[in-house]
Amino acid sequence: MTKQPHGGLLMIYYLHREQSIPAPIETVWEYFSDPKNLNAITPPDMNFEIVAGGGEKMYQGQIIEYRVEFIRGLKSLWLTEIAHVRAPQYFADEQRAGPYRFWFHEHRFEKTAGGVKMTDHVTYAPPFGFLGDAVHALWIRGKLQRIFDFRFQKINELFGSGK
């Protein structure tokens, strides 16, 4: 993860992950373009649930409302818009309301000789104003790393071993 100052006290952070998936790009796209599958690749302790908007395949402009526990016992609203879709290579979701000051998650799928190279690139700003940098260092960074580590493992289980 890297960070960069952006106007005043807003710190922008980046999370970048890559994973090889030994499956055809059409199969990988079919899985990731179905919002209901997000539950399977989210850690169970987050009690993730789709409240509205996730009943159909992903499309540009789709609004999806989630509830998720970042802190045990405290459910948070997370409203995202599927901001961009270019099947089967790319989609991006952007937080409209939720726990971050800013969240933009790019999902890229590139056909390779062995299947698909999947890339997640998240650009985000933590909440809590000027305290956000400290909260990020103490808790948010580790939490996001654990979420994406869990996701990596689940994807390997679902599609076979990758790296």
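Basically this note's numbering = 1-based index in the sequence shown + 27.
Virtual Cβ for every residue (Gly too), placed ideally from N, Cα, C.
Quiz prompt | When Ile48, Arg44, Tyr41 and Ile39 are compared against Thr139, the one with the closest alpha-carbon | solution = Ile48
Quiz item: In the DSSP assignment, what are the bridge partners of Phe129?
Solution: Ala152
Quiz prompt | Span separating the alpha-carbon of Lys9 from that of Ala164 | solution = Because the chain here runs from 28 to 190, residue 9 falls outside it and cannot be looked at.
Quiz item: At a cut of 8 Å, does the region 82-97 reach the region 58-65 through at least three beta carbon pairs?
Solution: yes
Quiz item: Looking at C-alpha atoms only, which residue of Lys181, Ile91, Glu184 and Glu53 is the closest neighbour of Trp105?
Solution: Ile91
Quiz prompt | Proximity to Tyr93 [Cα-Cα], best of Pro126, Phe118, Ala110 and Gly156 | solution = Pro126
Quiz prompt | Backbone secondary structure at Leu106 - three-state DSSP | solution = strand
Quiz item: Going by C-alpha distance, which of Lys102, Ala119 and Ile182 is nearest Ala110?
Solution: Ala119
Practice problem: Hey, could you find the ends of the beta strand (DSSP E) Ile90 is sitting in? | Solution: Ile90 to Ile98
Quiz item: In whole angstroms, what is the alpha-carbon distance linking Val95 and Arg128?
Solution: 16 Å
Self-check item: Beta bridge counterpart(s) of Lys181 as assigned by DSSP
Solution: DSSP, once it has assigned bridges, lists no residue as partnering Lys181.
Quiz item: CB-CB under 7 Å to Pro115, same chain, minus the five flanking residues each way: which ones, in chain order?
Solution: Ile52, Glu53, Trp56 and Phe136
Exercise. Determine the extent of the beta strand (DSSP E) in which Tyr77 is found, giving its start and end residues.
Key: Looking at the sequence shown, residue 77 is not Tyr but Ile. Per DSSP, Ile77 belongs to the beta strand (DSSP E) from Glu76 to Ala79.
Quiz item: Ile98: buried (16+ other C-beta within 10 angstroms of its C-beta) or exposed?
Solution: exposed
Practice problem: Please confirm whether Val112 and Ala50 have their CB atoms less than 8 Å apart. | Solution: no
Practice problem: May I have the straight-line CA-CA distance separating Leu37 from Leu171, to the nearest angstrom? | Solution: 19 Å
Quiz prompt | Spatially closest choice to Pro71 from Phe186, Ser103, Phe177 and Glu184, by CA coordinates | solution = Phe177
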